[in-house]
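Notes follow once the structure below has been shown.
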Amino acid sequence: MMELFANLAQGFGVVFALVDVKLTWLGLNGTIPVPFNILLCLIGALVGTLVGVLPGIGPLATIAMLLPITFGLPPVGALIMLAGIYYGAQYGGSTTAILVNIPGEASSVVTTLDGHQMARQGRAGPALAIAAIGSFFAGSVATVLVAALGAPLTELAFKFGPAEYFSLMVLGLVFAVVLAKGSVLKAITMI
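Residue numbers 1 to 191, in this note's numbering, belong to the letters of the sequence shown in order.
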């Protein structure tokens, strides 16, 4: 458990690291410490939200379009900015789902049910705030869960051999047949 906290603390240390920025472009001498990676995350989230508002353009397409922005950045900053773009695009899809009743992506279809009804009642602001807070909370919990379960799942994956991989593939195919609607013969041919 302490290893999890140590890894999370190391990640926060990288994100909140201060970079000295020269003030010569303002006509001043000297430097000022700036949390550069946090700024990159905020810029990425803002740009991702602006592009994610467009219906039909999901987070992966947004990252693919905005990847050239990160070419001049340090590797850690580029990854942080891409994560911000991803989360911003996820939130941008819920914005159109709430305001226009057109989900920006598949994961925001459920947001249209309650969010658009709130917008029609004149409560679009609270609906957008609920979506933003829910997105932040879910992203934070998911990050902690991935950090906590990453090491045990990696050890389990290293123990897998060819027989276990084959069993997983067969199990997935059986689940696909069981979950398909209609006749079993059609479901088997679908696979």
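Think of the CB as a built atom: it goes at the ideal place given N, C-alpha and C, for glycine as much as any other residue.
Legend entry - Run of the beta strand (DSSP E) containing Pro33, from where it starts to where it stops: Thr31 to Val34
Legend entry - Cβ shell of Met81 (< 8 Å), same chain only, five flanking positions each side left out: Leu40, Cys41, Ile43, Gly44, Ile69, Thr70 and Leu73
Legend entry - Proximity winner among Leu50, Gly52, Val51 and Val15, relative to Val34 (alpha-carbon distances): Val15
Inset, instruction - Taking only runs that begin and end inside the segment 141-190, name each unbroken alpha helix (DSSP H) of 4 or more residues, in chain order. - result: 162-179 and 184-190
Legend entry - DSSP-derived helix/strand/coil call for Val19: strand
Inset, instruction - Could you give the DSSP three-state label for Gln121: helix, strand or coil? - result: coil
Legend entry - Rounded separation between Leu168 and Ala157 - CA only: 12 Å
Inset, instruction - Rank Gly58, Tyr91 and Gln121 by C-alpha distance to the C-alpha of Gly134 and give the top, closest one. - result: Tyr91
Legend entry - Chain-order list of residues whose beta-carbon lies under 8 Å from that of Ile32 (same chain, five-residue window excluded): Asp20, Val21 and Leu23
Legend entry - Residue range of the alpha helix (DSSP H) that includes Leu79: Pro75 to Leu99
Inset, instruction - Indicate the three-state DSSP secondary structure (helix, strand or coil) for Met2 in the structure shown. - result: helix
Inset, instruction - Compute the distance between the beta-carbons of Ile98 and Ala127, then report whether it is under 9 Å. - result: yes
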